[in-house]
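Residue numbers (my numbering), protein chains in the order written: chain U, 14 to 302; chain G, 14 to 302.
Down below is the structure, laid out as structure tokens.
There are 2 protein chains.
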Amino acid sequence: MSLKPRIEAAIASAIREGQAGAAPPKLAAALDYAVNPGGARIRPTICLSVALACGDRTPALADAAATAIELIHCASLVHDDMPCFDNADTRRGKPTVHRAYGEPLALLTGDSLIIMAFEVLARAAATDPARAVHLIRLLGSSTGMPGGICAGQGWESEAQIDLSAYHRAKTGALFVAATRMGAAAAGQDSEPWTELGARIGEAFQVADDLRDALYDEQTLGKPAHQDEINGRPNAVSQLGVRGAIRRLEDILSGAIASIPSCPGEAMLAEMVRKTAERLTPVLPAHQTV
Amino acid sequence: MSLKPRIEAAIASAIREGQAGAAPPKLAAALDYAVNPGGARIRPTICLSVALACGDRTPALADAAATAIELIHCASLVHDDMPCFDNADTRRGKPTVHRAYGEPLALLTGDSLIIMAFEVLARAAATDPARAVHLIRLLGSSTGMPGGICAGQGWESEAQIDLSAYHRAKTGALFVAATRMGAAAAGQDSEPWTELGARIGEAFQVADDLRDALYDEQTLGKPAHQDEINGRPNAVSQLGVRGAIRRLEDILSGAIASIPSCPGEAMLAEMVRKTAERLTPVLPAHQTV
Numbered sequence: 014m015s016l017k018p019r020i021e022a023a024i025a026s027a028i029r030e031g032q033a034g035a036a037p038p039k040l041a042a043a044l045d046y047a048v049n050p051g052g053a054r055i056r057p058t059i060c061l062s063v064a065l066a067c068g069d070r071t072p073a074l075a076d077a078a079a080t081a082i083e084l085i086h087c088a089s090l091v092h093d094d095m096p097c098f099d100n101a102d103t104r105r106g107k108p109t110v111h112r113a114y115g116e117p118l119a120l121l122t123g124d125s126l127i128i129m130a131f132e133v134l135a136r137a138a139a140t141d142p143a144r145a146v147h148l149i150r151l152l153g154s155s156t157g158m159p160g161g162i163c164a165g166q167g168w169e170s171e172a173q174i175d176l177s178a179y180h181r182a183k184t185g186a187l188f189v190a191a192t193r194m195g196a197a198a199a200g201q202d203s204e205p206w207t208e209l210g211a212r213i214g215e216a217f218q219v220a221d222d223l224r225d226a227l228y229d230e231q232t233l234g235k236p237a238h239q240d241e242i243n244g245r246p247n248a249v250s251q252l253g254v255r256g257a258i259r260r261l262e263d264i265l266s267g268a269i270a271s272i273p274s275c276p277g278e279a280m281l282a283e284m285v286r287k288t289a290e291r292l293t294p295v296l297p298a299h300q301t302v
Numbered sequence: 014m015s016l017k018p019r020i021e022a023a024i025a026s027a028i029r030e031g032q033a034g035a036a037p038p039k040l041a042a043a044l045d046y047a048v049n050p051g052g053a054r055i056r057p058t059i060c061l062s063v064a065l066a067c068g069d070r071t072p073a074l075a076d077a078a079a080t081a082i083e084l085i086h087c088a089s090l091v092h093d094d095m096p097c098f099d100n101a102d103t104r105r106g107k108p109t110v111h112r113a114y115g116e117p118l119a120l121l122t123g124d125s126l127i128i129m130a131f132e133v134l135a136r137a138a139a140t141d142p143a144r145a146v147h148l149i150r151l152l153g154s155s156t157g158m159p160g161g162i163c164a165g166q167g168w169e170s171e172a173q174i175d176l177s178a179y180h181r182a183k184t185g186a187l188f189v190a191a192t193r194m195g196a197a198a199a200g201q202d203s204e205p206w207t208e209l210g211a212r213i214g215e216a217f218q219v220a221d222d223l224r225d226a227l228y229d230e231q232t233l234g235k236p237a238h239q240d241e242i243n244g245r246p247n248a249v250s251q252l253g254v255r256g257a258i259r260r261l262e263d264i265l266s267g268a269i270a271s272i273p274s275c276p277g278e279a280m281l282a283e284m285v286r287k288t289a290e291r292l293t294p295v296l297p298a299h300q301t302v
């Protein structure tokens, strides 16, 4: 069963709320531009998959959780692409938000999407405000300081990087949010879902390093070989291409083994396997490794 | 009774939470730099004053509301000062955050403070999650799109500005949040408090226009005469200096008249009068108007 229509409908509804009434038209358009067309929507897919595996008894909260995570992810892409960070011209095969709308509106687009993520959760609180508050706390801790994606990005300004804290915050935090918020939205204890999210996050980091090393800008839809150009530590420089692919497979096996016992356990294992297939780069025929 | 110690303690506690554990040190320091030493803390003072006037039965929620509003205000100053907006070198008499820490950390400081504002409210939800969710919704609508301060700033990128929507969102929204969230934190219906916040916001806008026109950079602690330099519509160019001062006095009388009936009505009127005194510029002796 594809979760895509459900995810896209929930995201579209959130964006429409942000564009309502007397909104400034360009910023309203930039909100839509920043989230559509989306990438693989991998984080909301994980979130909803976990919610479904746990029974999905409050689907409105699960939709809100999935949407909130994707809005934060899109906000981080908009801000990270800006000239003071990656200075990227393209993203998902089209001009980045600051290239299309200018820097002031790109900055405001990121800010507005962050705020919208919290609003979406608060609006879905009607039936169970305590559960919504718990989701808001999970989103906050995975997003801000001291351990969320802002913290992860912040490590890049340090002379001495705590590499474990860096990766956990920069890439891991939102995947942990995806599994934990999926479980919490369905009324389950979220803590046992931390490891699954953390392992998917690690896998994603290794896969991202592989794609950055192996693909060109056209295939990636964004500038390639950035790790090498910027001298950033990455799995390919440490393990080689085949070593990194083996590492990716190990992490994903560990992820499947970590899935807590729940009605949808088998379905979730299948979701992780599919994610793995999508993540693992197809080696180009001419690639020597 | 001064509310300052209570406000400063609540803000300091929020910042400490954001700096805990394995936080990246520079970003952790920048969070503190962005909010301390503060300005007049006028928005949290209004928020707590309204909460007290309404009985202040859940002080932890009132503190959280006041803190959240000030964190958002500080975040907006950090982002607005950046080169793509005002490109300001000084704020509150010291280098702006991007001057002191660089643009990447300034961008992340703003993002982190926005997220922290929502976390502070969620953390204070224990005794009454439904009330906390209501406060989160009020904060979101006064902050993001389509009608919050992000929207207000967004109007500055439009060729045709809806001036009423612009001022309502850019300056008014956070003052409306201050009065409404103060009442909501105390368990009162927040809607009747909208007009008081809106009128204080209008007064603040006129006072800001006056200070920008009359004071120099040293007195202001930030660049002066920006409205004139950037050709922005403002109360001084429309009404002259004395006309703008009369307008300010009229708005503040209206604000006092709008205070809803409550146990602390007289105390609140006094707070508005004090705010007015603080806002109204002292004309320099040599000023010809």
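The beta carbon of each residue, even a glycine, is placed where N, CA and C say it ideally should be.
The beta-carbon of residue 86/U is placed no less than 8 Å from the nearest beta-carbon of chain G. Here the region 260-272 of chain G lies against the region 213-232 of chain G, with 3 or more beta-carbon pairs under 8 Å apart. For residue 19/U, the closest C-alpha among the options 43/U, 74/U, 174/U and 38/U is that of 74/U. In the structure shown, residue 70/U adopts coil according to DSSP, grouped into three states. Contact annotation, residue 48/U with residue 24/U: C-beta distance approximately 6 Å; criterion of less than 8 Å satisfied.
Residue pairing by DSSP puts residue 108/U in a beta bridge opposite 103/U.
Considering only beta carbons, no part of the region 47-77 of chain G lies closer than 7 Å to chain U.
The DSSP-derived three-state label of residue 87/G is helix. Taking 8 Å as the cut-off, the beta carbon of residue 271/U is found closer than this to the beta carbon of residue 209/U.
Between the region 278-292 of chain G and the region 57-77 of chain G, the count of C-beta pairs closer than 8 Å reaches three or more; the two stretches touch. In this model, residue 156/U and residue 186/U are separated by some 7 Å (Cα to Cα). Rounded to the nearest whole angstrom, the CA to CA distance from residue 280/G to residue 93/U is 47 Å. What residue 146/U touches in chain G, judged by beta-carbon distance under 7 Å, is 135, 138, 142, 145 and 146, going in chain order. Taken through DSSP and simplified to helix, strand or coil, residue 114/G comes out as helix. With a contact defined as Cβ atoms closer than 8 Å, residue 196/G and residue 97/G miss out at about 36 Å.
Residues of chain G with a Cβ closer than 8 Å to the Cβ of residue 129/U are, in chain order, 153, 157 and 158. Rounded to whole angstroms, the Cβ separation of residue 31/U and residue 158/G is 4 Å, and the two are in contact under 8 Å.
Closer than 9 Å at the C-beta level to chain G, one finds these residues of the region 87-99 of chain U: 88, 89, 92, 95, 96, 97 and 98. Per the coordinates, the alpha-carbon of residue 177/G lies some 10 Å from the alpha-carbon of residue 35/U.
Fully contained in the region 125-182 of chain U are the following alpha helix (DSSP H) runs of length 4 or more, in chain order: 142-156, 162-168 and 176-180. Interface flag for residue 125/U against chain G is set, since a Cβ pair is found closer than 8 Å. The Cβ neighbour count for residue 274/U, taken over all protein chains shown within 10 Å, is under 16; the residue is labelled exposed. At a cut-off of 8 Å between C-beta atoms, residue 245/U does not count as an interface residue with respect to chain G.
Under the 8 Å criterion on CB atoms, residue 26/G is classed as non-interfacial with respect to chain U. Its chain contains 105 and 106 as the residues whose beta carbon lies nearer than 6 Å to that of residue 234/U, once the 5 sequence neighbours on both sides are disregarded; these appear in chain order.
Neighbourhood of residue 150/U in chain G, by CB distance below 8 Å: 132, 135 and 136, in chain order. Taking the Cβ atoms as the reference, residue 222/U lies roughly 4 Å from residue 247/U, within the contact range of under 8 Å.
The shortest C-alpha to C-alpha distance from residue 41/G to any of 53/G, 28/G and 167/G is the one to 28/G. Taking a C-beta distance under 8 Å as the contact criterion, residue 128/G and residue 87/U do not qualify as a contact pair. Distance from the Cα of residue 102/U is smallest, within the candidate group 161/U, 144/U and 237/U, for 237/U.
Neighbours of residue 175/G in chain U, taken as residues at a C-beta separation under 9 Å, are given in chain order as 35 and 37. Below the 7 Å Cβ cutoff, chain U contributes no neighbours of residue 203/G, its closest Cβ being approximately 14 Å away.
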